[in-house]
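Heads up, the thing below is written out as C-alpha cells.
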Amino acid sequence: MDFEFRKDTLTDTYRVIISMEQTALGSWIQGTLGTDKATIALIQAEIDLLKARKKQEYRLIGDEMTLTMTQEDVCACMNSELIDSGEELDDDMNFYDAETVAVCGLEDFEIILQAWLAFFSQR
924 MDFEFRKDTL TDTYRVIISM EQTALGSWIQ GTLGTDKATI ALIQAEIDLL KARKKQEYRL
984 IGDEMTLTMT QEDVCACMNS ELIDSGEELD DDMNFYDAET VAVCGLEDFE IILQAWLAFF
1044 SQR
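Take the sequence shown: its letter number 44 is residue 967 in this note's numbering, and every next letter is one higher.
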C-alpha cells in the first residue's frame, strides 16, 4: 500500500495521501484518529492481540466512521454504510465506494499506523 504524509504549515494540520481505493482509510486516519497517541497505543495493543490470535475482532466506533479489525483484515467504513438500506448501487456508482469503505490487510494497516505516529511525533 502506497501512502505519504504531509503537514500543512499554514493550518498546522496533517494530511494522508493514499491510493484512491484506500481513501476511506486515509479519511479515518486524518479525521477520526488524528494525532491521538492514546488511541494509537490502544489500537496497537488490539493489533497485537489479533496477531497473537487472542482476539477475533476489534471495533472502534467513531462519530462518522468505524474501524473494524480482524486477524487478517482492517476495514474503515463510514457509519452511514453500516446501515443496510437494501438498495443496490449501479456499477457507475462503485467509484464512490472508495470514499466510504476501505479494506486492507492487518499488517499493512499496522505499517501505516506506525508510520503515521512516527511522522507527526517528529514534527
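Glycine included, C-beta positions come from ideal geometry on N, C-alpha and C.
Spatial distance of residue i from residue j (CA atoms)
i, j, result
"F928", "V939", "5 Å"
"A999", "Y937", "19 Å"
"E995", "G1028", "6 Å"
"V1026", "T932", "30 Å"
"R982", "Q967", "13 Å"
Residue i - DSSP class collapsed to helix/strand/coil
i, result
"A999", "strand"
"F1018", "Residue placement at F1018 is flagged as unreliable, the pLDDT there being 47, under the threshold of 50; the coordinate-derived value follows with that caveat. Here F1018 sits in helix by DSSP."
"T1023", "helix"
"M988", "strand"
"T936", "strand"
Continuous beta strand (DSSP E) stretch holding residue i: start and end
i, result
"E980", "E980 to I984"
"K977", "K977 -> no beta strand (DSSP E), and no H or E assigned at all."
Burial state of residue i (16 or more Cβ within 10 Å)
i, result
"L990", "buried"
"E1033", "buried"
"T934", "exposed"
Span of the alpha helix (DSSP H), counted from its first residue to its last, around residue i
i, result
"I952", "Neither: I952 is in no alpha helix (DSSP H) and is coded neither H nor E."
Beta carbon proximity, residue i to chain D, threshold 7 Å
i, result
"E927", "Among the protein chains of the structure shown there is no chain D, as only one such chain exists."
Expected contact under 8 Å - CB spacing of residue i and residue j to nearest Å
i, j, result
"M992", "L965", "No, M992 and L965 are not in contact; Cβ-Cβ is about 11 Å, not under 8 Å."
"E987", "G954", "7 Å"
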